[in-house]
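Structure record follows, encoded as structure tokens.
Chains as they are written, first to last, in our numbering: chain A, 871 to 1048; chain B, 2 to 88; chain C, 131 to 548; chain D, 844 to 1821.
Structure follows, in structure tokens:
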């Protein structure tokens, strides 16, 4: 059965834990971004964008602020790389464990994210390489679109049991409604 | 529920935002007491357009200045907070 | 004033309702009054009534821009109680509660003041300590406050969710037996009729456009029906206080916000008390027509639109169903929103202003209906004597400059943190 | 005369699908597609309910959602719901329904006695009696409440679930009549993303009542094709979906009913779904309501709106009567007369209130040729009972004429449905001739089309929908209809009842029993604004919200005022358009999911110890770890004693934590903290307090300098979210120029506190390679491969440490520390013990002494305030009130006779006097015993040693206390040193 046959097909997966770093630039923006691009192997994603740079996933989260998701093994080295590249134009902070990630697979992720939400997850402009922060079921959440059939959702660990439970129930309803 | 065009994230539902205060009520720590009392403890409270400070709390956590009519709710501008405020 | 009674109804029934007179006149404005009250809501009309009844000042006009009782008096959840923690507040609201208990007979107009009990639910031990503190403060001021046991709750409110699978399991409640509800429209009409009978001119469709001053002293007002002179002018337009005060170049410590409420379709009796909660910011009661009246937090941003945001109503529906699961299948019949005068400590402002002869009654946030009689009584005293009564002295306009604020919730100066 | 019957054929119902249902205990048979009303009429049922006040017998008057009288209870247990309109319930196998508001039965209702005493209970009677004080009123009220209300209330929790969905589109079309479908097709053709919402079970709207030929084909084919075209273009079609509310910036709430009242839902368990639709443009194709007319007995069973009679005939194959009288002020009712005649009914008379000399349309002329038509004529009174109509009397050529009939079809003209247009912020235009308001100016992107916009006739309706839906639409491409389907209304509004009609029995608001006489009485008594009239008589305040009554009432008020209708004004249109189930508003955010339950990372670890839990905002934290059959108090005392004498371990992961890095980090912190923090050496920490802008204490915590340009700031769990917003406001609005990054690391770091005389031994055991930091110092370490940061901070007053580690690696850290502590006699302790310990030390806490009203001076912290000032709150603190006598100042209380001091109690100088203070937190001397407390006392600093009473009348407890300094243990602070 092709996925298209079931537009609402969706499955939830809790990926392996990873290291999470945060860096912010407060001065010398162009030069700092160039240094970081060289150090990380590609241009920093723009506003509300995300991208794979080498083995890391960069996500724009706030003005002049990015999150870096990397493997537990690369965590410390990446933190040092960021600190060096930033120099006096910014700083990096270890945030590992501060957000829990859920991967939502299947073409139905857009429908799933409209349930209990206020964000237009079904808009074609919300394409791979886009990020969005919003609120679902009283919980703060950030989406990172990985591919047309896959999105990552981040929320603080304290909110994750209830929020991921909410999405499990919603996914079951979508399955049963088919 | 308002639709506010966040300068970073585009038009988003009011549920993602928090109203902080009128722009005129922003007080810096070095303000004199009379200025602080005027800004913090009185309001023009207009029934019409006025500049307000909002935060895109659940979006980009950024702060924006919104020019909004408190009666019709028509929003004529939403700008990053450090931009020059047009008259 | 024609006396209302069962007898009068009997006579009306026999003569085809011919015997009923007008409840209040529709006088044209005179050129000058001793006192003008701007705003024909419950507070304004009560002020006029007590000015004439208590202080014998009859040359009074109440100027209402549209129809009396059309502001917040006509759009609140009709709860009457005095279960406040801060002394200045519970003293004022208790004085009001005593006036409520005599109001229908005093005005000869049944305002249907129903003392079925107003209570706060507690959902944790810390809630119960906060409620005990509130109750002890009330009892120390001679106000009725008592705990209800779980058995009493179960018997009195069988549909309350007392199970422990609730998000905030209920562990007890603090009740004020003399609290309850009243018919809001009847309060405005009752005071208007009684004040009119004592000679007060209740003038509708008369919007104030300007406040005249000579040498820093008030001399009268400009209205859509011409200028009207007065020795003293009392602003009483909660929701629009800032607009009217601006006519006298006054900036107030008030921001206009919005509070929504809604009712269900009418059903037979289901909820027999007024229920509030220490952890869940919602309240539930049932009107005499059988509608369940529900409300909760304000919309938390400045607006004069009187149009609420739907997600607030949705949140309050969830809170009320959490308290009474059986409400889920009832349908919302009507929702509305009032413009609330949010002051910067959550307490009202009743007193003098820097402009001589100009007085202010406002800042009631979302708690003005219960204060209607005491607000009228103390404002009448202030307008008659030129200085506040002991009950409203703490609620001065300049308290934010001095720092002597009265903050029931301790939420601080920002209205949207309230 | 036979009353209502099912015709042998015809209608859009599915005669192959029989459906059995129950009404008032009797089983009936209907067909697929029947409403409860049509199915009951088909079975000859005439009596549907009783009115609210006089309990008068009521039949069904309309065929749609505007029905005021035929209200039923449906379903049972967790699916029971009252007050459903029989016209808006589509029957399904097993439907259980009952009539309402009658006792003992619908046929014999004691409430009917009210109509006997009706002269003595006119509108507003209850304001004029029931005097004698609140106690007496409670007795009267008890009876009134039993009589009031309509259906019985539900008594069970909901058996089903509800869901919210966000949806976005370019064009939302509300209503799928000819105008709505044309609009949807037009927008879709122009490439817009379209959502079409229809409250009925099927698409078509007025075409279901008056089938027509559109673009050369039968309308039901045209409708089916329109559906396919829209679906193919990716449009979303939602039937059984009501546009309930139009909110700011073109947000419309659509309520999709997936089940009928009482019906078991499908596999997904959903009863209803709420769509929050943000639309670029909203097309309102909501049609028009037919208005009733004023005549005596106009509420009797058998009196129906003319369009409804035609709907029951054409859509449901039900002929509502065998001999009909038609009373009308427009041409539309002639279609009903002709349709009835065609279905074998006889027409007693068509009473047309319009003048005889008017130009008559082809339709009218056709009727005049075969039916008794009388111009300038109107109905005086209907005669009948709960069993139906017996006849009527009419004014024909000025003469009172008796008529024999079992059905009266009424048409008082049509009112465009303007509710959503007005909710969106719009104005109305008044047309005196037709007596109707239609949409005029708009404030948002709403556009009204078809009958709702006052379009007259089917072709105008189709053109209006097609052309207004998109700028690109070409008029010539609009769907067209056959000429004889294009019937103009030619309304000439006639509000006046016949002079002979008794106004006491001429109803304006059927459900609330408001008569024309009531309106006149209210006007005479001075209730002359439309809002006063409405609120005094309860006109338009019933469950139909005045859909059929508002305009009739308004017209009568205008006549009394001698002013045109628009100048009298209109009441406000507010959501919802039709009543909305509370469950779908709440969706899943109720019951156990009302709010999120924020779980600490170590939740499972704690759960294994079966602690007593305590809610702290959205969090749940362990309150105590009872051993054996200890109760809370015993466990907490043991735990606090163990901390004082050996060592205790507790989870402090939920504290607010912020990482501030950058050259201006210290400068930034000096804005936030009211104490001196800038000069902290690397590796050192200090207690601090944060003030609100008005100078009051907002929160407290500690500041640590972990690197030259990096600080860690902690704050309370309860105040963490507020502190995060405050820091962001100061960083990005007050001081955007500072070079500092402020990161919320509340859930990056988890933290385990170890406190007690043996705490340093536990730390040394689990972190052997790290030198044990001295009080208010920190050091980094490694615990079994997990990077740690150890802060030597004490909340309990003992020598204590907080060992931080990344939250996803804290479990082994906790396990190692707990094991090491237990091995030397230590134990776990919870919030209750922590509370006892911190009270002994006089440490203040958010929600206790930090009550939002206390200034730093009131809390005895004046000495800690940074003399140079420059921190947030410093300026406002200069206000005079904070230095005046009589302030509530923080003190300690010690029980004189050892009895427990009630927490939250009032502090009095003597019995029966007004309180001079109150207790904020009550505890005990852990080691030497005796109960102590913290609290506030007027001028407390100068009253040490005074004897007072701590009194709690609500718990009838009292304790004699002595005022002390607010610290009871290790005043010199010796315990912190090794």
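Where is the CB? At the ideal position from N, CA and C, for every residue including glycine.
Inset, instruction - Measure from the C-beta of residue 1029/A to each C-beta in chain D and report whether the shortest distance is under 8 Å. - result: Yes, residue 1029/A lies at the interface with chain D (some Cβ there is under 8 Å from its Cβ).
Inset, instruction - Report the residue ranges of all alpha helix (DSSP H) runs contained in full by the region 1645-1702 of chain D; include only those spanning at least 4 residues, in chain order. - result: Listed in chain order, they are 1653-1666 and 1674-1684.
Inset, instruction - Answer yes or no: does any C-beta atom of chain A fall closer than 8 Å to that of residue 1739/D? - result: Taking 8 Å as the CB threshold, residue 1739/D stays off the interface with chain A.
Inset, instruction - Kindly list, in the order they appear in chain D, the residues whose Cβ is closer than 8 Å to that of residue 73/B. - result: Simply 1268 and 1286.
Legend entry - Contacting residues, own chain, Cβ-Cβ under 6 Å from residue 923/D (five flanking each side not counted): Cβ neighbours of residue 923/D beyond the five flanking positions: 997.
Inset, instruction - With a floor of 4 residues, list each alpha helix (DSSP H) that falls wholly inside the region 959-996 of chain D, ordered by position along the chain. - result: If we require 4 residues or more, the alpha helix (DSSP H) runs fully inside the region 959-996 of chain D come out as 977-990.
Legend entry - the region 1087-1111 of chain D: positions lying closer than 7 Å to chain B by Cβ: Taking 7 Å as the Cβ-Cβ cut-off against chain B, the residues of the region 1087-1111 of chain D that qualify are 1090, 1091, 1092 and 1094.
Legend entry - Minimum Cβ-Cβ distance from residue 187/C to chain F less than 8 Å: Looking at the structure shown, chain F is missing, and the protein chains on hand are A, B, C and D.
Legend entry - residue 931/A beta carbon less than 8 Å from that of residue 923/A: Cβ distance not < 8 Å, so residue 923/A and residue 931/A don't count as in contact.
Inset, instruction - Indicate whether the contact test is met: 3 or more Cβ pairs, each with one atom in the region 355-373 of chain C and one in the region 160-172 of chain C, closer than 8 Å. - result: In short, these stretches touch, since the Cβ pair count reaches three.
Legend entry - Cβ of residue 1061/D within 8 Å of any chain C Cβ: Residue contact with chain C for residue 1061/D: absent (no Cβ-Cβ distance below 8 Å to any residue of chain C).
Legend entry - CB contact check: residue 10/B to chain C, cutoff 8 Å: No - not a single Cβ of chain C is within 8 Å of the one on residue 10/B.
Legend entry - Neighbourhood of residue 407/C by C-beta, 6 Å cutoff - its chain only, sequence neighbours within 5 removed: Taking residue 407/C as the centre and dropping the five residues before and after it, the same chain places the C-beta of 251 closer than 6 Å to its C-beta, in chain order.
Inset, instruction - Would you check if the region 1044-1057 of chain D and the region 1017-1032 of chain D touch, i.e. whether three or more CB-CB distances between them fall below 8 Å? - result: The answer is yes - the region 1044-1057 of chain D touches the region 1017-1032 of chain D, with three or more Cβ pairs under 8 Å.
Inset, instruction - Between the Cα of residue 1092/D and those of 76/B, 64/B and 83/B, spot the shortest distance and give me the residue it belongs to. - result: Measuring from the Cα of residue 1092/D, the nearest candidate turns out to be 76/B.
Inset, instruction - Return yes when the Cβ of residue 1738/D is within less than 8 Å of the Cβ of residue 1804/D, no when it is not. - result: For residue 1804/D and residue 1738/D, yes; Cβs fall inside 8 Å.
Legend entry - Expected contact under 8 Å - CB spacing of residue 1336/D and residue 1396/D to nearest Å: Wrong, their Cβ atoms sit about 14 Å apart, outside the cutoff.
Legend entry - Limits of the unbroken beta strand (DSSP E) element including residue 52/B: Looking at the DSSP string, the run of the beta strand (DSSP E) that includes residue 52/B is 50-56.
Inset, instruction - Pick helix, strand or coil for residue 1760/D, following the three-state DSSP scheme. - result: Strand.
Inset, instruction - Report the residues of the region 29-61 of chain B with a CB closer than 7 Å to any CB of chain C, ordered along the chain. - result: Residues passing the 7 Å Cβ filter: 38, 41, 42, 43, 44, 45, 46 and 48.
Inset, instruction - Could you please give the first and the last residue of the uninterrupted beta strand (DSSP E) stretch that includes residue 1010/D? - result: That run of the beta strand (DSSP E) goes 1004-1017.
Inset, instruction - Please look up how many angstroms separate the CB atoms of residue 10/B and residue 918/A, rounded, as I've assumed it's under 8 Å. - result: Between the beta-carbon of residue 10/B and that of residue 918/A there is about 6 Å, and that keeps the pair under the 8 Å contact cut.
Inset, instruction - Would you mind telling me which residues of chain B sit closer than 8 Å to residue 392/C, beta carbon to beta carbon, in chain order? - result: Result: empty, since nearest Cβ-Cβ is about 16 Å, beyond 8 Å.
Inset, instruction - With distances taken Cα to Cα, identify the nearest neighbour of residue 901/A among 952/A, 959/A, 945/A and 929/A. - result: Nearest C-alpha to residue 901/A among 952/A, 959/A, 945/A and 929/A: 959/A.
Legend entry - 6 Å Cβ shell around residue 14/B - same chain, five flanking residues per side excluded: Within the same chain, Cβ atoms closer than 6 Å to the Cβ of residue 14/B are found at 2, the five residues on either side in sequence being excluded.
Inset, instruction - Please list the partners that residue 399/C has in chain D, where partner means a Cβ-to-Cβ separation under 8 Å. - result: What residue 399/C touches in chain D: 988, 989, 992 and 996.
Inset, instruction - Would you identify the three-state DSSP class for residue 72/B, choosing helix, strand or coil? - result: Residue state for residue 72/B is assigned as coil, using DSSP reduced to three classes.
Legend entry - Where residue 70/B meets chain D, residues with beta-carbon distance less than 8 Å: Residues of chain D passing the Cβ test: none, with the nearest at roughly 10 Å.
Inset, instruction - Could you give the DSSP three-state label for residue 1736/D: helix, strand or coil? - result: Collapsing the DSSP output to three states places residue 1736/D in a strand.
Legend entry - Cβ pair count under 8 Å reaching 3, the region 1126-1134 of chain D against the region 1298-1313 of chain D: Contact between the region 1126-1134 of chain D and the region 1298-1313 of chain D is present: 3 or more CB-CB pairs across the two stretches fall below 8 Å.
Legend entry - Secondary structure of residue 1066/D, DSSP reduced to three states: In the structure shown, residue 1066/D falls within a helical segment according to DSSP collapsed to helix, strand and coil.
Inset, instruction - Let me know if residue 1470/D comes out buried or exposed under the rule of 16 or more other beta-carbons within 10 Å of its beta-carbon. - result: It counts as exposed.
Legend entry - Beta-bridge pairing of residue 1752/D - partner residues as DSSP gives them: Looking at the DSSP assignment, residue 1752/D forms no beta bridge with any residue, so it has no partner.
Legend entry - Helix, strand or coil at residue 840/D [DSSP, three-state]: With chain D covering 844 to 1821 only, the question about residue 840/D has no answer from this structure.
Inset, instruction - Compute the Euclidean distance between the alpha carbons of residue 1541/D and residue 1532/D, then round it to the nearest angstrom. - result: About 8 Å.
Legend entry - residue 873/A at chain B interface by Cβ criterion, 8 Å: Summary for residue 873/A: the model assigns pLDDT 39, below 50, so the residue's position carries little reliability, and this model does not support an answer.
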